[in-house]
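Working notes for the structure below.
Residue numbers (my numbering): 6 to 525.
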């Protein structure tokens with residue numbers, strides 16, 4: 006069989022006596038369509054359908070309109086906020102409200118440079134079908150050229166990941182209106198911004214009611230306000246809950262119970278036909294994927310998930326990671342709207358916290374061991390803040406007041422079987438503080454849990470266990486429940502004398518408390 010030779014179709018090859026003649030041919034393409042001459046055709050606009058479920062946001066719509074009316078040249082505005090806050094819905098509502106103001110409206114899912122190029126290429130193809138056979142890069146360039154040579158258009162760049170992804174496009178387009186939605190709140194140089202927060206309480210309840218009653222008109226929505234409050238009035242969370250209620254004929258109270266008992270399932274639940282990517286669990290997973298180049302960001306967010314959602318002092322995070330990694334992690338989380346950051350405090354949406362502290366072995370950002378580590382280190386940080394202080398000394402009370410709301414949040418979200426010695430110390434000290442402040446009911450609860458945890462961890466004869474039993478008896482004593490206090494003092498005194506001796510400080514304290522209680 007003769008050898009097989011490769012053929013180069015770009016040239017002709019002729020073999021002669023010791024010479025080769027190359028005949029090159031030039032391939033020509035038809036000239037690119039004159040995209041500049043293509044008029045805007047309103048009927049070809051592409052904007053997501055408006056929704057009758059839209060509620061509120063009148064101030065934000067007015068602000069968006071005001072910003073876009075101020076400039077006489079190309080106008081660009083970035084709507085930024087937490088994932089699930091309703092940025093895309095707001096942009097779509099604006100585009101529909103002002104349809105008559107623009108000769109052409111176009112929507113691009115802009116979560117990557119490739120997606121932006123694809124959207125621009127589709128714009129060019131829609132306006133000039135003759136470009137269909139061109140490569141995406143050429144069609145994208147034609148889309149930019151059309152925008153640059155026309156006016157009275159609206160371009161929505163939805164879910165932009167980074168300002169750098171659209172900088173080139175914005176630098177080449179000098180006419181028209183661009184509305185950007187993004188979780189990035191910073192880096193928008195020379196671009197007006199409109200922050201988007203959660204709904205008000207009333208708006209959230211109205212949204213839930215519209216979603217549920219669109220499919221279940223006779224639904225009893227008693228407890229809708231409590232449900233929306235637990236969801237932090239976040240539109241995505243309210244929509245997800247409303248769709249679930251309507252499909253399963255579930256009450257708000259029953260949904261709250263399911264959320265408490267089966268958080269992993271409820272955070273990912275979608276109604277029939279729903280978008281699995283638009284759930285509470287998934288929407289922030291994508292954001293954290295973007296932050297993997299700042300490893301401490303996930304660690305810090307898991308830590309923040311155990312505090313109260315608002316007013317977290319930054320100094321309570323000292324020791325989570327070292328500086329400057331801590332400040333850099335906080336800065337990046339704030340840039341992606343995952344937290345709200347001031348010079349002194351941090352705030353996190355309660356649903357972000359709930360999802361973050363819910364273990365899911367399938368999610369690299371929510372590994373059970375990592376979440377447990379964050380829980381235990383939170384207890385350690387809070388305990389160390391009041392270690393060495395006296396809950397009965399007024400000069401030390403500010404430290405206790407700082408720790409208390411965040412300790413309450415931690416203790417409400419954990420069970421006694423996960424308590425560490427640091428958690429038990431925290432319970433013990435806060436029980437003493439609260440008893441001194443007159444909140445003896447909470448003090449008794451904390452002291453009881455501390456006693457049980459110290460006994461489980463250290464045994465019944467450990468000094469910490471004996472001390473916590475004395476504190477519990479003292480809390481009953483403060484509440485006037487001497488029938489509970491005196492027997493507990495007596496039993497604890499016997500154990501303390503046996504284990505520590507009659508002259509040990511803990512033994513003397515218990516004896517003194519017992520004598521005073523008997524004389525009351």
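Cβ coordinates follow ideal geometry from the N, Cα and C atoms, glycine included. Keep in mind the model is a prediction, meaning the values are calculated, not measured.
Smallest Cα separation from residue i: which of the options?
i: residue 118; options: 102, 170, 153 and 137; result: 170
i: residue 398; options: 440, 266 and 186; result: 440
i: residue 66; options: 159, 84 and 54; result: 84
i: residue 411; options: 507, 310 and 457; result: 310
i: residue 275; options: 124, 244 and 167; result: 244
i: residue 94; options: 259, 420 and 241; result: 241
i: residue 409; options: 434, 462 and 103; result: 434
i: residue 133; options: 385, 148 and 80; result: 148
i: residue 168; options: 158, 197 and 413; result: 197
Secondary structure at residue i, three-state DSSP: helix, strand or coil?
i: residue 155; result: coil
i: residue 188; result: coil
i: residue 519; result: helix
i: residue 85; result: strand
i: residue 462; result: helix
i: residue 325; result: coil
i: residue 197; result: strand
i: residue 32; result: At residue 32, the pLDDT of 38 sits below 50, so the modelled position is not reliable and the matter cannot be decided from this model.
i: residue 254; result: coil
i: residue 274; result: coil
i: residue 168; result: helix
i: residue 505; result: coil
i: residue 292; result: helix
i: residue 46; result: coil
i: residue 366; result: coil
i: residue 525; result: coil
i: residue 300; result: helix
Nearest-angstrom Cα distance between residue i and residue j?
i: residue 13; j: residue 87; result: Here the model assigns residue 13 a pLDDT of 35, short of 50, so the residue's position is not dependable, and the following value carries that caveat. Cα to Cα, the separation comes out at about 56 Å.
i: residue 131; j: residue 49; result: 7 Å
i: residue 369; j: residue 47; result: 45 Å
i: residue 154; j: residue 63; result: 33 Å
i: residue 235; j: residue 323; result: 29 Å
i: residue 348; j: residue 525; result: 51 Å
i: residue 485; j: residue 523; result: 12 Å
i: residue 192; j: residue 185; result: 13 Å
i: residue 287; j: residue 273; result: 7 Å
i: residue 489; j: residue 227; result: 40 Å
i: residue 145; j: residue 173; result: 12 Å
i: residue 516; j: residue 471; result: 12 Å
i: residue 32; j: residue 139; result: Because the pLDDT of residue 32 is 38, which lies under 50, any placement of that residue in the model is unreliable, and the number read from its coordinates should be weighed accordingly. Approximately 15 Å between the Cα atoms of the pair.
i: residue 315; j: residue 482; result: 34 Å
i: residue 528; j: residue 89; result: For the chain, the structure presents residues 6 to 525; residue 528 sits outside this window and is missing.
When you measure from the CB of residue i to every non-hydrogen atom of the ligand SAH, does any distance come out below 7 Å?
i: residue 470; result: You won't find the ligand SAH in this model; it holds no ligand whatsoever.
State the beta-bridge partners of residue i as determined by DSSP.
i: residue 112; result: 161
i: residue 51; result: 111
i: residue 339; result: Partner(s): none; residue 339 has no beta bridge.
i: residue 352; result: 345
i: residue 317; result: 351
So with Cβ pairs under 8 Å, would you call residue i a contact of chain C?
i: residue 299; result: Note that chain C does not occur in the displayed structure, where there is just one protein chain.
(Q) Between the region 206–221 and the region 250–258, can you find at least three pairs of beta-carbon atoms closer than 8 Å? (A) yes
(Q) Three or more C-beta pairs under 8 Å: does that hold for the region 508–522 against the region 467–480? (A) yes
**Q.** Inter-stretch contact at 8 Å, needing at least 3 Cβ pairs: the region 208–219 / the region 165–180
**A.** No: fewer than three Cβ pairs fall under 8 Å.
**Q.** Contact between the region 326–337 and the region 355–373 (3+ Cβ pairs under 8 Å)
**A.** no
Q.
Across the region 158–168 and the region 107–116, are there enough close Cβ pairs to call them in contact, namely three or more that are closer than 8 Å?
A. yes
Q: Tell me, please, whether the region 378–388 touches the region 419–428 by the rule of three or more beta-carbon pairs shorter than 8 Å.
A: Three or more Cβ pairs closer than 8 Å define a contact, and the region 378–388 meets that threshold against the region 419–428.
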